[in-house]
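Student: Throughout the sequence shown, residue numbering follows the working numbering, covering 36 to 521 in sequence.
Below are the structure tokens for one structure; questions will follow.
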Amino acid sequence: MDKTLAQCRQLKLKKFRVETIYDMQFESKYNDVIHQARNCNVEELDLNFQHQVGRFIDVTRVSGYKGLVSELDDMFEFQGMLVNGNTSWHVTYEAFGDANKRTTWQSSLVVFCFAWKVVLGPKDNGGLGVGSISALNNALMLKWLWRFKNESSSLWRNVVNGIHNSSRKPMHALGKKTLNGAWYNSIKVLHFFQKVGINLSSSYKLSIKSGSNTLFWLDDWDGIGPLADRFPQLFDLDKKKSCFISERMRSGTADWAWKRRPSGPTEIADLDSLTGLMTQLRLSDGTDSWVSLLSPDGSFAVRDFRSLIDSALTVAVDHPVVWIHIVPIKVICFIWRACLDRIPTSSALALRGVHFSSIDCPFCGNKPEETNHLLVDCSFSKEVLARIYKWCGIDVIQFSGVVDLVRFAAVWGRCPKKRKLLLAVTYGYIWSIWRARNDKIFNQLIPSVGKVVDEISTLVFKWVKNRGTFGNCNLATWFCSPFDIL
Ligand SMILES: [Zn+2]
């Protein structure tokens, strides 16, 4: 098996089936198989664990079953969208004894899912912008630490300060470990940032005014890291390690308080560098403050940090959808799903075990109803798109799929306003084709190209009129060409 998979490591396998005898090494076996399959981007993985004849096993009760499910869950979350934009993992795992009794205790599970980490991700990263609760919670907690640093005269800060004695402590030590509670839990948010690999110091800077509120050695006030970490030997020599900047800098010159004078080549060199650093520092009247680098005005916004966390926790995918205000969110969500081949076409449902008498395209009946066929390749859809593009004055282009179509509209032309209109028209086209398909299947309404074209132009006009900011928005002009309203 290893050899087979290794040979086609860079290929994309449609299906890989493994049949093996169940034994005590069950867990290591499935781990190996999943690992190998993941490396090869296998679309469909069949794991068949066959037990020795005469013994019955309910696969859901074997010790490795939960581990397998959890491993698969992780795999989908991480790998779901990376495999291919228009396919999903199809995993069947089953256990059976001898062939005759297979139906008695076969257990199989077919898993199709969205990659949850993609759904949660910011829209700029190809996600749906849902955001995780965890990111929101941690951003809200961080806000309290931010306020603690910036609201030096507020009553609540003085109360916390009185309890935790945190006026001369760096950010990560603002709470006493022995006083476990709400405040100490807020401090723990810093561990979370560290754990998910976010370097907080790159998202804020300290604005130094009088220097009477910023720790000289322990706060990262020049954006490179605390001086205590960069000059550890000098830090050891200072009599007051929790001094403020204003206590080490008086009248524009350094005011040291050493246990002994720095000596030796390293300490002297460090002192020179440190003195050079301090000559660049200009103190003035006012209070030191923390400035966010994520917002234009420097103030702390929960949404900025939430988005920062979501970016770190989620998986970025290359997605063509552009979110434009004039198109309703439900429509863009549908386009988003269509581009990932996650709309409930007959073929997709059949693949998930929903059985139909026919899975043929409701328009032409010649091919199975798949996303790309229905929305782009079908002769009916092609005719609608050709008329719509003719109305827009764009030459007919052969698109390879719905992703290609959306990507074309997203980068078309040089005028942003025209591009936005073409995107709205393209989204309207996909949405209307889907509605025509539903009308045919559920209401037995025979679709007509002219009717769908009219529907698209009217629908998009409503969006543009009600949600857009285009000046000359009248229907007669619109019907001539959508770009005439500009
Ligand atoms: Zn068709």
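Idealized CB from N, CA, C, for every residue including glycine.
Please read these numbers as outputs of a predicted model, since none were measured by experiment.
So the beta strand (DSSP E) S324 belongs to, where does it begin and stop?
Tutor: Start and end: S324 to S327.
Student: If we ignore side chains and look at the alpha-carbon of each, how far apart do N220 and T349 end up?
Tutor: 24 Å
Student: Check whether the segment 322-337 and the segment 417-432 are in contact - that is, three or more C-beta pairs closer than 8 Å.
Tutor: no
Student: Is the beta carbon of L458 sitting closer than 8 Å to the one on I378?
Tutor: Not a contact, by the Cβ cut-off of 8 Å.
Student: Assess, as a yes-or-no matter, whether the segment 486-498 is touched by the segment 394-409 under the definition of 3 or more beta carbon pairs within less than 8 Å.
Tutor: no
Student: Could you check where the beta strand (DSSP E) with L241 kicks off and where it finishes?
Tutor: Y239 to S242
Student: Looking only at its own chain, which residues have a Cβ that is under 7 Å from the Cβ of T380, when we skip the five neighbours before and after it?
Tutor: Correct list, in chain order: E404, E405, T406 and L409.
Student: Using the Cα positions of D353 and R442, report the straight-line distance between them to the nearest angstrom.
Tutor: For D353 and R442, the distance between alpha carbons rounds to 11 Å.
Student: By the three-class DSSP mapping on this structure, what secondary structure does L316 have?
Tutor: It is coil, neither helix nor strand.
Student: Would the C-beta of N407 count as close to ligand 1, meaning under 7 Å from any of its heavy atoms?
Tutor: The closest heavy atom of ligand 1 lies 7 Å or more from the beta carbon of N407.
Student: Considering only their Cβ atoms, is the gap separating S189 from S245 smaller than 8 Å?
Tutor: no
Student: Whole angstroms are fine: how far does the CA of L343 sit from the CA of L214?
Tutor: Roughly 30 Å separates the two Cα atoms.
Student: So what does D273 bridge to, in DSSP terms?
Tutor: W293
Student: Cβ of C368 versus every heavy atom of ligand 1: is any distance shorter than 7 Å?
Tutor: For ligand 1, not one heavy atom lies less than 7 Å from the Cβ of C368.
Student: Run through the DSSP bridge pairs and tell me what M284 is partnered with.
Tutor: A289
Student: Taking the straight line between their C-alpha atoms, what separation do you get for L209 and L262?
Tutor: Distance between the alpha carbons of L209 and L262: 18 Å.
Student: What beta strand (DSSP E) runs, 3 residues minimum, are completely inside the segment 159-188?
Tutor: none
Student: Within the same chain, show all residues whose beta-carbon is closer than 7 Å to that of A174, passing over the 5 residues directly before and after it, in chain order.
Tutor: V337, F340, R341 and I344
Student: Flag this pair as yes or no: are the beta carbons of G164 and A347 separated by less than 8 Å?
Tutor: no
Student: With DSSP as the reference, label L410 as helix, strand or coil.
Tutor: helix
Student: As a quick exercise: from W371, S247, G321 and R203, pick the residue whose alpha carbon is nearest that of G162.
Tutor: W371
Student: Flag this pair as yes or no: are the beta carbons of V437 and I481 separated by less than 8 Å?
Tutor: No, they are not a contact pair.
Student: In terms of alpha-carbon separation, which member of T288, L309, L328 and A292 lies closest to R317?
Tutor: T288
Student: Can you tell me whether D395 is helix, strand or coil according to DSSP?
Tutor: strand
Student: To the nearest angstrom, how far is the alpha carbon of N160 from that of I222?
Tutor: 29 Å
Student: What does the Cβ neighbour count give for L510, buried or exposed, with the cut at 16 atoms within 10 Å?
Tutor: exposed
Student: Measuring straight from C-alpha to C-alpha, what distance separates S277 and V154?
Tutor: 45 Å
Student: Please return the same chain residues whose Cβ sits closer than 8 Å to the Cβ of W513, not counting the five positions on each side in sequence.
Tutor: S492, F496, V499, D519 and I520
Student: If you count every other CB in all the chains shown that lies within 10 Å of the CB of C450, and 16 or more means buried, which is it?
Tutor: If you draw a 10 Å sphere on the C-beta of C450, you find fewer than 16 other C-beta atoms in it, and that means exposed.
Student: Smallest Cα separation from K212: which of H199, M284 and E186?
Tutor: H199
Student: Give me the pocket residues for ligand 1, defined as CB within less than 5 Å of any heavy atom, sorted by chain position.
Tutor: C396, F398, C399 and C413
Student: What residue range does the alpha helix (DSSP H) around E490 cover?
Tutor: V484 to R502
Student: Inspect the beta-carbon positions of W293 and D273 and report whether they are closer than 8 Å.
Tutor: yes
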